[in-house]
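Chains as they are written, first to last, in the numbering used here: chain A, 1 to 97; chain B, 1001 to 1302.
Below, the structure written as structure tokens:
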């Protein structure tokens, strides 16, 4: 999936004109809130955390609380399931009631 | 001749310092500086006190019985201090059963806290000046474990966050796997574990295999994962070895992971993963996808 990273390696789903574009399979099927809670450091690059610790790319790790991102993705997948189920029911001319 | 100097009188300006001169008895004692000069007799006790002396170098002369002796002494009667309304905070998370101390660049303790619980603790230290502060957590179980980190405070109202944790050397070359942990595999790989390395070898072409460590790691205790590994064999451009943190021991290649990193195509890779936003119990998983082989020589949680 195409994502965009800013100067701090934080991920975005759209480019504000200053970001770099990457195709990262890790984010396939992920909702916006999940994606934009992550940091992607490409191979060969290095990111320095606020406390001075260095991290080498490739690294994909959350910068927002992971439990919140996990929940957001879970809710998104449930919603996707509901949408798919509805589409199937419509196609079959049946309902779940 | 012996000097004793004490602090200036109370009340601020004009107090000066007090100089006590010990000398032979009944001699003339003179202290002088610039255009000021004071003379007293040392008396039967040989002790002469001069009060109200200003900061600077004073000359002390005793004379008597046809003899004279002179010494100089540096007197400090004035002190200066700068004080302003300043407050900055350092938000600190540190390990269970530990003490935590914040010191300034002079080594003076400016704040401290104690965690007697079995969970990490978060507290806020308030500092009243700019500068570099060192935060140190020390285990109280006698193990000697300690971790320090420094922050720089540069402005009033600033807030910094520090997370301290003691390390878990899950696998160390020359030592082996940490006590209490095991590593297992699933899929088409075989594994050989020595004290020097963990070797994963694919057992069939175009297949996947995974190794995972149990029990899961409490990531709330650490802020960084470092893995040193070498991908020793790849089948084709679709092959990859992933180092992942998962909510389950194993997962498909495209499944959601809390964090992930990929080994370099050739040569040793030092994988580093930021754990500072992960508080969960997660499994460390090494996924060998599409028949890759690898050797792991070090796994460190800090």
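Each residue gets a CB set at the ideal place from its N, CA and C atoms; glycine is no exception.
Decide if the segment 1044-1058 of chain B is in contact with the segment 73-87 of chain A; the criterion is three or more beta carbon pairs, one per stretch, under 8 Å apart.
No, because fewer than three Cβ pairs between the segment 1044-1058 of chain B and the segment 73-87 of chain A fall closer than 8 Å, the two stretches do not touch.
Beta-carbon of residue 72 (chain A) versus every beta-carbon of chain E: anything under 8 Å?
This model lacks chain E altogether, as its protein chains are A and B.
Under three-state DSSP, which class holds residue 71 (chain A)?
Correct three-state label for residue 71 (chain A): helix.
Taking its Cβ as the centre, do 16 or more other Cβ atoms sit within 10 Å of residue 81 (chain A), making it buried, or is it exposed?
Classification of residue 81 (chain A): exposed, given that the 10 Å Cβ count is below 16.
Please name the residue in B:1123, B:1099, B:1177 and B:1136 whose C-alpha comes closest to that of residue 1192 (chain B).
Of B:1123, B:1099, B:1177 and B:1136, the residue nearest in Cα terms is B:1177.
Any C-beta of chain B within less than 7 Å: which residues of the segment 56-88 of chain A qualify?
Within the segment 56-88 of chain A, the qualifying residues are 56, 58, 59, 60, 61, 62, 63, 64, 65, 66, 67 and 73.
Which of helix, strand or coil does DSSP assign to residue 1158 (chain B)?
If DSSP states are grouped into helix, strand and coil, residue 1158 (chain B) belongs with coil.
Taking 8 Å as the threshold (C-beta atoms), are residue 1214 (chain B) and residue 98 (chain A) in contact?
The structure shown has nothing for residue 98 (chain A), since chain A only spans 1 to 97.
Note down, one range per segment and in chain order, each beta strand (DSSP E) of at least 3 residues found wholly within the segment 1259-1301 of chain B.
Here the runs fully enclosed are 1259-1262, 1268-1274, 1281-1289 and 1293-1301.
Along the segment 15-33 of chain A, where does the CB come closer than 9 Å to a CB of chain B? Name the residues.
Within the segment 15-33 of chain A, the qualifying residues are 25, 26, 28, 29 and 30.
Shorter than 8 Å from the beta carbon of residue 1235 (chain B) to some beta carbon of chain A?
No, residue 1235 (chain B) does not count as interfacial toward chain A.
For a cutoff of 8 Å on Cβ pairs, would you count residue 1286 (chain B) as touching chain A?
For residue 1286 (chain B), the answer is no, since every Cβ of chain A falls outside 8 Å of its Cβ.
Under 8 Å, do residue 1017 (chain B) and residue 1090 (chain B) count as touching if we go by C-beta distance?
No. Outside cutoff.
Which of the three DSSP states is assigned to residue 86 (chain A) in this structure?
Note: residue 86 (chain A) maps to helix in three-state DSSP.
Output the boundary residues of the beta strand (DSSP E) element that contains residue 1110 (chain B).
Looking at the DSSP string, the run of the beta strand (DSSP E) that includes residue 1110 (chain B) is 1109-1115.
Can you give me the Cβ contacts of residue 1157 (chain B) inside the same chain, cut-off strictly under 8 Å, excluding the 5 residues immediately before and after it?
Around residue 1157 (chain B): 1087 and 1088.
List the residues of chain B that residue 51 (chain A) touches, going by C-beta distances under 7 Å, in chain order.
By Cβ distance, chain B contributes 1149 and 1162.
Look at residue 1079 (chain B) and residue 1121 (chain B) and say whether their C-beta atoms are less than 8 Å apart.
No, the Cβ-Cβ distance between residue 1079 (chain B) and residue 1121 (chain B) is not below 8 Å.
May I ask you to report which of helix, strand or coil DSSP gives residue 130 (chain A)?
Since the first residue shown for chain A is 1 and the last is 97, residue 130 (chain A) is missing from the structure and cannot be characterised.
Thinking C-beta only, is residue 37 (chain A) closer than 8 Å to residue 62 (chain A)?
Going by C-beta atoms, residue 62 (chain A) is nearer than 8 Å to residue 37 (chain A).
Along the chain, where does the beta strand (DSSP E) containing residue 1102 (chain B) start, and where does it finish?
That run of the beta strand (DSSP E) goes 1098-1103.
If you draw a straight line from the alpha carbon of residue 1004 (chain B) to that of residue 1064 (chain B), how long is it in whole angstroms?
Cα to Cα, the separation comes out at about 21 Å.
Going by C-alpha distance, which of B:1234, B:1167 and B:1108 is nearest residue 1129 (chain B)?
When only C-alpha atoms are compared, the closest one is B:1108.
According to the neighbour-count rule (16 or more other Cβ atoms, all chains shown, within 10 Å of its Cβ), is residue 1116 (chain B) buried or exposed?
Label assigned to residue 1116 (chain B): exposed.
Under 7 Å Cβ-Cβ, which residues of chain A neighbour residue 1277 (chain B)?
Chain A residues near residue 1277 (chain B): 62, 63, 64, 65 and 66.
According to DSSP, residue 1068 (chain B) sits in a beta bridge with which residue or residues?
For residue 1068 (chain B), which the question treats as bridged, DSSP gives the partners B:1063.
Between the C-alpha atoms of residue 22 (chain A) and residue 1161 (chain B), what's the straight-line distance to the nearest angstrom?
The alpha-carbon atoms of residue 22 (chain A) and residue 1161 (chain B) are separated by roughly 30 Å.
Taking only beta-carbon positions, decide if residue 1217 (chain B) is within less than 8 Å of chain A.
So no, residue 1217 (chain B) is outside the interface.
Between residue 1216 (chain B) and residue 1283 (chain B), which are expected to be in contact by the criterion C-beta below 8 Å, what is the C-beta distance as a whole number of angstroms?
Right, their Cβ atoms sit about 5 Å apart.
Suppose contacts are defined by Cβ-Cβ distances below 8 Å. Is residue 27 (chain A) in contact with residue 59 (chain A) by that definition?
The answer is no: Cβ separation not under 8 Å.
Under 8 Å: do the segment 8-17 of chain A and the segment 1228-1235 of chain B share three or more Cβ pairs, one atom per stretch?
The segment 8-17 of chain A, when compared against the segment 1228-1235 of chain B, does not touch it at the 8 Å Cβ threshold.
Name the chain A residues that come within less than 9 Å of residue 1224 (chain B), Cβ to Cβ?
49, 53 and 55, listed in chain order.
Step through the CB atoms of chain A and report whether any lies within less than 8 Å of the CB of residue 1260 (chain B).
Yes, its Cβ sits closer than 8 Å to a Cβ of chain A.
For the alpha helix (DSSP H) containing residue 33 (chain A), list its first residue and its last residue.
Unbroken alpha helix (DSSP H) run through residue 33 (chain A): 32-35.
In the DSSP assignment, what residue or residues form a beta bridge with residue 1021 (chain B)?
Residue 1021 (chain B) pairs with B:1003 and B:1048.
Between residue 1254 (chain B) and chain A, is any beta-carbon pair separated by less than 8 Å?
Yes, residue 1254 (chain B) counts as interfacial toward chain A.
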